[in-house]
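Student:
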Amino acid sequence: MDNEFEPKLLAFVCNWCTYAGADLTGTSRIKYASNVKIVRFPCTGRIDFMLVLKAFANGADGVIVSGCHPNDCHYTSGNFHARRRWMLFRELLDFMGIDVRRIRFSWVSAAEGAKWADVVNSTVAAIRELGPYTDYQKAASYLAGNEDVLLNEKEVTL
Ligand code: FES
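Numbering (the numbering used here), first residue to last: 4 to 161.
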């Protein structure tokens, strides 16, 4: 039996580009690591980074956030908002002691099925090198103190 660590990855993707790109990966029969579970959002601009913390608090070893390329966002500028939010979120993760290499931010269009496979495969390889994420209490304790922020954001997105 192979005892190699199999990372658990969660991917938050936008509906219009990366989700369609991931679908193309499948219909093109391009093989890629099965370690990732995809959560589809209308746009990366709607992805609350508290959800990324929640993923870590619930056992994810790594997270991918991916959407349309700059200037291709279906809602014009959602991906720019996401990128700006990500720059701030990186500092928060750093402050909390969570290794930012566990999160991958990428642009994958609906025509880039091969790129999606590459993003997943390379992220799985990188997380495999880092090993399992065992500090989930850090993410959980931050969430416990800010649950209302997450709930409020969730109400807005419904
Ligand atoms: Fe894809 Fe906005 S619709 S990032």
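Ideal placement from N, C-alpha and C gives every residue a C-beta, glycine not left out.
What you are looking at is a predicted structure, and each value in this text was computed from that prediction instead of being measured.
(1) When the Cα atoms are used, what is the spatial distance from His72 to Ala14?
(2) Indicate the three-state DSSP secondary structure (helix, strand or coil) for Val111 in the structure shown.
(3) Output the residues surrounding the ligand FES, defined as those with a CB atom closer than 6 Å to any ligand heavy atom, in chain order.
(4) Run the CB neighbour count on Val127, radius 10 Å, all protein chains shown included, and call it buried at 16 or more, exposed below.
(5) Grab me the residues of Ala36's own chain with a C-beta within less than 6 Å of its C-beta, minus the 5 sequence neighbours each way, in chain order.
(6) Nearest-angstrom Cα distance between Leu56 and Leu91?
(7) Please classify Gly100 as buried or exposed, where buried requires at least 16 neighbouring CB atoms within 10 angstroms.
(8) Skipping 5 residues on each side, what residues in its chain have a beta carbon closer than 7 Å to that of Tyr139?
(9) DSSP on Arg43, reduced to helix/strand/coil?
(10) Quick one: residues in its chain with C-beta nearer than 6 Å to the C-beta of Gly29, no 5 flanking neighbours on either side, listed in chain order?
(11) Asn38: which of Asp51, Arg32 and Glu9 sits nearest, CA to CA?
(12) Does DSSP put Ala36 in a helix, a strand or coil?
(13) Thinking C-alpha only, which one of Ala25, Thr21 and Trp110 is nearest Phe83?
(14) Only counting runs of 4 or more residues, tell me where the alpha helix (DSSP H) segments fall wholly within the stretch 79 to 133, in order along the chain.
Tutor: Let me lay it out:
(1) The straight-line gap from Cα to Cα measures roughly 16 Å.
(2) Looking at Val111 - three-state DSSP - the assignment turns out to be coil, as it is neither helix nor strand.
(3) Cys17, Trp19, Cys20, Cys46, Thr47, Gly48, Gly70, Cys71, Cys76, His77, Tyr78, Gly81 and Asn82
(4) buried
(5) Val123, Asn124 and Val127
(6) 14 Å
(7) exposed
(8) Phe59, Ala60 and Gly62
(9) Of the three classes helix, strand and coil, the one that applies to Arg43 here is strand, per DSSP.
(10) Taken in chain order, the list of residues that qualify is empty.
(11) Glu9
(12) Of the three classes helix, strand and coil, the one that applies to Ala36 here is coil, per DSSP.
(13) Trp110
(14) Taken in chain order, the unbroken stretches of alpha helix (DSSP H) that lie wholly in the stretch 79 to 133 and span 4 residues or more are 81 to 99 and 116 to 133.
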